[in-house]
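> Residue numbers (the working numbering): 16 to 340.
Idealized CB from N, CA, C, for every residue including glycine.
Quick caveat: nothing in here was measured; it's all calculated off a predicted structure.
(1) Which same chain residues, not among the five before or five after residue 146, have their C-beta less than 7 angstroms away from its C-beta?
(2) Answer with buried or exposed for residue 123, where buried requires no fewer than 16 other C-beta atoms within 10 angstroms of its C-beta.
(3) For a test of the three-state rule: what should DSSP assign to residue 40, helix, strand or coil?
(4) Return the residue from the list 50, 182, 54 that minimises the CA-CA distance to residue 114.
(5) Compare the C-alpha of residue 300 against each of 281, 266, 255, 279 and name the closest.
(6) Is residue 27 near the ligand SAH - that is, is its Cβ less than 6 angstroms away from at least one heavy atom of it?
(7) Ordered along the chain, which non-local residues of its own chain (more than five positions away) have a Cβ less than 8 angstroms from that of residue 283?
(8) State buried or exposed for residue 227, treating a residue as buried only when at least 16 other CB atoms are found within 10 Å of its CB.
(9) Report all residues from its chain with a CB closer than 6 angstroms to the CB of residue 112; omit the five preceding and five following residues, and keep chain order.
(10) Between the C-alpha atoms of residue 11 and residue 171, what's the straight-line distance to the nearest angstrom?
(11) Pick out whichever of 207, 22, 152 has its Cα sitting closest to the Cα of residue 251.
(12) Measure the CB-CB distance between residue 268 and residue 218 and report whether it falls below 7 angstroms.
(13) Provide the residue span of the alpha helix (DSSP H) that contains residue 89, from first to last.
(14) Taking the alpha carbon of residue 312 as the reference point, which residue from 280, 293, 289, 287 has its own alpha carbon closest?
(15) At the level of alpha carbons, what is the spacing between residue 254 and residue 295?
(16) Between the C-alpha atoms of residue 104 and residue 72, what's the straight-line distance to the nearest angstrom?
(17) What three-state label does DSSP hand residue 238 in the structure shown?
(18) With DSSP run on the structure shown, which of helix, strand or coil describes residue 68?
(19) What do you get for residue 156, buried or exposed, if any count of 16 or more other CB atoms within 10 angstroms of its CB means buried?
(20) Does residue 82 come out as helix, strand or coil in the three-state DSSP assignment?
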């Protein structure tokens with residue numbers, strides 16, 4: 016059934032204590048073939064029952080790194096996809112998103128070394144990391160597109176899913192690396208444009224999702240400010256107008272006011288930015304507390320430290336006045 020793993024909770028949680036007990040009795044220094052199968056089965060049960068069980072996730076990493084390939088990274092990705100797209104408790108777990116990035120690092124190693132039929136890292140167990148993979152362009156845009164689709168599913172299950180959007184940001188970093196120096200530049204450009212269009216639709220359907228708004232604005236800011244990314248993304252033009260159109264329908268949502276603030280402020284050209292600010296200030300909805308915060312926030316983007324301090328104090332006074340009114 017959609018939204019369910021198809022595993023009886025009563026049966027699963029009955030197995031969980033026994034699985035943990037069995038794990039303690041297995042030697043990790045020189046396990047037999049049968050013990051390796053038992054390790055694989057017990058960690059599967061443990062992770063299904065408790066997706067944040069870091070010890071069991073690390074055991075599964077060790078099993079993936081063995082020469083006899085107890086768990087294939089491709090199968091582990093499929094296992095995670097099935098769980099993270101069907102269960103809230105899996106979709107929101109930071110440990111699982113880190114585990115997934117670690118597996119991608121295994122599947123696309125920086126060197127030519129392989130173990131068995133699959134690429135594998137050969138150093139000691141690396142620490143899960145969001146953005147420290149040595150060469151992000153090892154991961155193809157096609158793989159990135161699949162990862163982004165998983166993010167959408169997870170965020171549908173668990174709204175305002177910070178860790179899922181962090182994984183999406185990792186995916187965007189991979190695309191940026193391809194855009195800088197890669198034969199897959201054209202494919203990366205296509206995936207990025209598709210993602211930006213999808214993100215605008217996402218915000219329209221999830222107007223309270225701060226993390227999604229921040230993710231889209233991060234992409235736009237990076238493309239506008241990074242001189243090494245020589246790409247034309249027409250889908251990013253008019254984000255401020257997009258924010259305004261949503262605010263006309265949902266003026267009470269602070270996430271949309273944040274969308275407006277950032278989309279205007281990220282324009283690197285001061286003259287163009289001021290023109291945008293003036294246009295926004297003329298809108299009928301631009302009044303009250305949120306408008307005052309926007310104006311003060313934009314002013315804080317420029318100026319000396321002394322001016323900034325004065326503007327911060329002015330912002331505080333403005334907030335006091337709007338709260339009392």
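Here's the rundown:
(1) Bear in mind that the predicted position of residue 146 carries a pLDDT of just 46, short of 50, making it unreliable; the figure below should be weighed with that in mind. Taken in chain order, the residues that qualify are 185, 188.
(2) buried
(3) coil
(4) 182
(5) 266
(6) This structure lacks the ligand SAH, and indeed carries no ligand of any kind.
(7) 239, 240
(8) buried
(9) 178, 182
(10) In the structure as shown, the chain begins at 16 and stops at 340. Residue 11 is therefore absent and cannot be evaluated.
(11) 207
(12) no
(13) 88-99
(14) 280
(15) 12 angstroms
(16) 15 angstroms
(17) helix
(18) coil
(19) buried
(20) coil
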